[in-house]
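Chains A and B are the protein sequences, given in the same order.
Counting in my numbering, the first sequence tops out at residue 224, every number present.
Counting in my numbering, the second sequence tops out at residue 1511, every number present.
Backbone N, C-alpha and C define an ideal beta-carbon position, used for all residues, glycine too.
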Amino acid sequence: MNTSELLEKIAFNVIQGRVEAEDDGFDPGLEGRPAVTELVTEALNQNIDPKKILMESLTESMETVGEKFEKKEYLIPDMLASAECVGVAMDLLAPHLIKAGVESKGKFVIATVKGDLHDIGKNIVAIMLKGAGYQVIDLGTDVSVDRITTTVKEKQASFLGLSALLTTTMRVMGEVVQKLKEEGIRDRVKVLVGGAPTSIEFARKIGADAYCKDAFQALEIMKK
Amino acid sequence: MIELFRPGVLVKPYERLSRDQLQWLDQASLNILSDPGVWCYSERAARLFKEHGAKVREEDAPGAKCWRVSFPGGLVKEAVAKAPSRLVLGARKPENRLLLDTEVPRVYFGTGSEANIWLETELEDFVSEKDSTLKTKVPRYTEIRGSTALLSRAAKLCEQLEHLDFFIRPLNIQDPEITSDNHDVNKFFASLNNITKHVQAGLTSLARFKDVVTMAEIIAGGKKALRDNPIISFIACVFKSPLQIVDDTAEKVFAIVESGLPLVISSSPQGGSSAPIQEAGMVAQINAEILAGVTLTQLIREGAPVLYGSVPVRARLDDLHDLYGCPEFNQYNIDCVQLARHYKIPCYSTAGVGDAKVPGMQAMFEKLFTHLYMATSGAQYIHYAFGLLDRTNCFCPLQAVLDNEQVGKIKHCLRAPKVSLQDTDDAVKMVKKVMASSHRLFARHARKAMHSGDISSPYQFETKDKKDNVIENALEYMARLEAEPAPHLDSDVVNDIYNKVPGLLPGLKTA
């Protein structure tokens, strides 16, 4: 397979939402054929420029997926499948891109706050951000204020996403913002909050930078 | 029998009656047919029953001549056993044919009744009295007398309704030019020229039956082609409850059966007035009436294609009108479906009717209540399911569109479970895979099922903000459906019909 064929195949499989060869795709009959993981690995083995893979295969294909979603041809599972493909590809490309001097769009720490185990929304946001080219550091659920702020500090993250589903745990988000101030790093990081009980008013009240209704709004806000 | 037909929905029938209860009802019906028997106002039918062993004596009563017929149980059982358990209702498009099979509980839904009124819906803007900046759209309804143009419009719309499987003319045509003589030819033509699904109706007059058959033969491609693919069939309410065979309708039964075309023997007693209101009494009586009707068809012509037509209703006890959206309606009807299955005769059943006069919450409640319950019965052919309001007095196209969505969801709901060994193995693999990932989300694995149509969509007419725009959204959708071209017959076929069938209104050619 030559370079252009390989790049085309990667793009095709991102659109099909196929991470590994055993995955089925949007179209029938693809199961068993090489998917994003196998194709990106092969591309790297062939010494294809990782920037080329990023720009010509991943970015373009995600734009196509976005257009299909806009036209309602694709639904959220399709979008997530493609974003997951890009996320996996980015994991494989990351060391090569660093060597080539290409940086990610930024480090994004994300967590469900202490006392809360709900993570579906947080996971969707993480997948979409990774697919959009951010370096996502997912701390999981039930994460303490100290661990969140320490990670932001150590990783020098530019963005922090906090999630909560319960009215009893959302107040922890305010404690995180307060702790960031106490640590003197509040100005270095943009704080985004989300989850069913949160709102624009709540975000303002605790001093967060933005409220995100869903993963798509999170991406929109990040673009701005 | 045929390979191409509408899929309907295959259900696992819910059976309300125990085996004993079924046998008791069957026996009660046979007992009724033996004593008191039926009051037969058709001399021809009475004679035929007598020739086959029924006890027949002329009633000594003033008025029309009447024969009291007492059926031996064996006669009824033997005749009913001759009715086919499997039959095809044809259609202009082969893929729209229906395969009715008592061994296979495949459920189809269609229209019904012959309402006098067409209910048109328009939205009008209203302004709040408290705040003139607040506006809302409110549906306004106009009643229009049924006409050939409106029947054509109904058929054209029903062609577009994905979940509607067959078309029983839902509207009575009342144009000034329509007489009892040309009623049948015009209603069948208006329907057949605008829909490629199966068309069914009752006969207004026997006089033009041959012309209706000629019209269908021209469309189907000849006499044999029509019998192989009966694009039309008929409904005969041969019984006037309680237990009286009507002379005029009996004559229609003779003619239809002799033509070889399919026929529904339909009975519609009202619990509380023309039948007992109690479940056992109602079901025993309607079953007796239908069995006697089926017996008549099989004595006229053995193996005649016939449907067990059960439309038992309950009386409202405040005004003795029909009451459809009530538990007893469901109970009566589902018992009849079980009895039809017992006799191995495809069942024409009933659902989707209510007292509501306009689309809205009451209509939704009454329709869903019967649509869903009756679909679980496994009745092969459920009529009244689209567009009816004000019991069976009104056909509302907007309601038909709303019913289409409801019936579609019910069909989806009742699909057979997709649980094979392969499915469970795949599920375990999927769970392992997702649990090994960082995000533990199954969304990606929903895609295949989602795109294959295995996963249902949200309610088609939903409103996402805090409003109820169902009617507005459904009206918009209906306008899109109505903008589609009508599936008119070829002009050669139409010209041939107009040459051979007198009495067709000229304007119907293109309506």
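- At least 7 Å separates the beta-carbon of residue 1301 of chain B from that of residue 1264 of chain B.
- Chain-ordered, the chain B residues with CB closer than 7 Å to the CB of residue 76 of chain A read 1443.
- Only residues of its own chain outside the window of five on either side were considered, and among them 1239, 1267 have a CB closer than 6 Å to the CB of residue 1289 of chain B, listed in chain order.
- Residue 19 of chain A is not a Cβ neighbour of residue 73 of chain A, given a cutoff of 7 Å.
- Taking a cut-off of 8 Å for Cβ pairs, the region 87-94 of chain A and the region 130-139 of chain A touch, as three or more such pairs fall below it.
- Secondary structure of residue 1484 of chain B (DSSP, three-state): coil.
- Residue state for residue 1448 of chain B is assigned as helix, using DSSP reduced to three classes.
- Among the residues facing chain B, residue 139 of chain A is not included, as its CB has no counterpart in that chain under 7 Å away.
- Our two residues, residue 1045 of chain B and residue 1469 of chain B, have alpha carbons roughly 55 Å apart in a direct line.
- Interface flag for residue 127 of chain A against chain B is set, since a Cβ pair is found closer than 7 Å.
- With respect to chain B, the C-beta atom of residue 84 of chain A has a partner C-beta closer than 7 Å.
- Among the residues facing chain A, residue 1439 of chain B is included, as its CB has a counterpart in that chain under 7 Å away.
- One Cα belongs to residue 1422 of chain B, the other to residue 1009 of chain B, and the distance between them is close to 23 Å.
- Under the three-state reduction of DSSP, residue 76 of chain A is assigned to helix.
- With a contact defined as Cβ atoms closer than 8 Å, residue 1087 of chain B and residue 1305 of chain B qualify at about 4 Å.
- Taking C-beta separations shorter than 6 Å and ignoring five residues to either side along the sequence, the partners of residue 64 of chain A in its chain run 15, following chain order.
- Think of a sphere of 8 Å around the beta carbon of residue 81 of chain A: the chain B residues whose beta carbon falls inside it are 1443, 1444, 1447, in chain order.
- Contact between the region 1211-1229 of chain B and the region 1184-1198 of chain B is established, with three or more Cβ pairs separated by less than 8 Å.
- Contact of residue 17 of chain A with chain B by beta-carbon distance below 7 Å involves 1444, 1447.
- Straight-line spacing of the CA atoms in residue 179 of chain A and residue 146 of chain A works out to 8 Å.
- Taking 7 Å as the threshold, the shortest C-beta distance from residue 13 of chain A to chain B does not fall below it.
- Using a Cβ-Cβ cut-off of 7 Å, residue 24 of chain A counts as an interface residue toward chain B, since at least one Cβ of chain B sits closer than that to its own.
- Apart from the 5 residues on each side of it in sequence, residue 1029 of chain B sits with its Cβ closer than 7 Å to the Cβ of 1284, 1287, 1288, 1291 in its chain, given in chain order.
- The Cβ atoms of residue 1165 of chain B and residue 1234 of chain B do not sit closer than 7 Å to each other.
- Under a criterion of Cβ atoms nearer than 8 Å, the residues of chain B adjacent to residue 120 of chain A are, in order, 1441.
- One Cα belongs to residue 1051 of chain B, the other to residue 1296 of chain B, and the distance between them is close to 12 Å.
- Contact between the region 1113-1124 of chain B and the region 1137-1147 of chain B is established, with three or more Cβ pairs separated by less than 8 Å.
- Rounded to whole angstroms, the separation of the alpha carbons of residue 1494 of chain B and residue 1509 of chain B is 7 Å.
- Nearest C-alpha to residue 1220 of chain B among B:1100, B:1180, B:1155, B:1089: B:1089.
- Inside the region 1135-1218 of chain B, DSSP marks whole alpha helix (DSSP H) runs of 4 or more residues at positions 1148-1160, 1183-1192, from first to last along the chain.
- Rounded to the nearest whole angstrom, the CA to CA distance from residue 1336 of chain B to residue 1282 of chain B is 10 Å.
- When rounded, the separation of the alpha-carbon atoms in residue 1253 of chain B and residue 1243 of chain B is 17 Å.
- Around the beta carbon of residue 46 of chain A, fewer than 16 other beta carbons lie within 10 angstroms, which makes this residue exposed.
- Cα atoms of residue 1370 of chain B and residue 1344 of chain B: separation of roughly 23 Å, rounded to the nearest angstrom.
- Here residue 1232 of chain B carries a strand assignment [DSSP, helix/strand/coil].
- DSSP lists A:163 as the bridge partner or partners of residue 112 of chain A.
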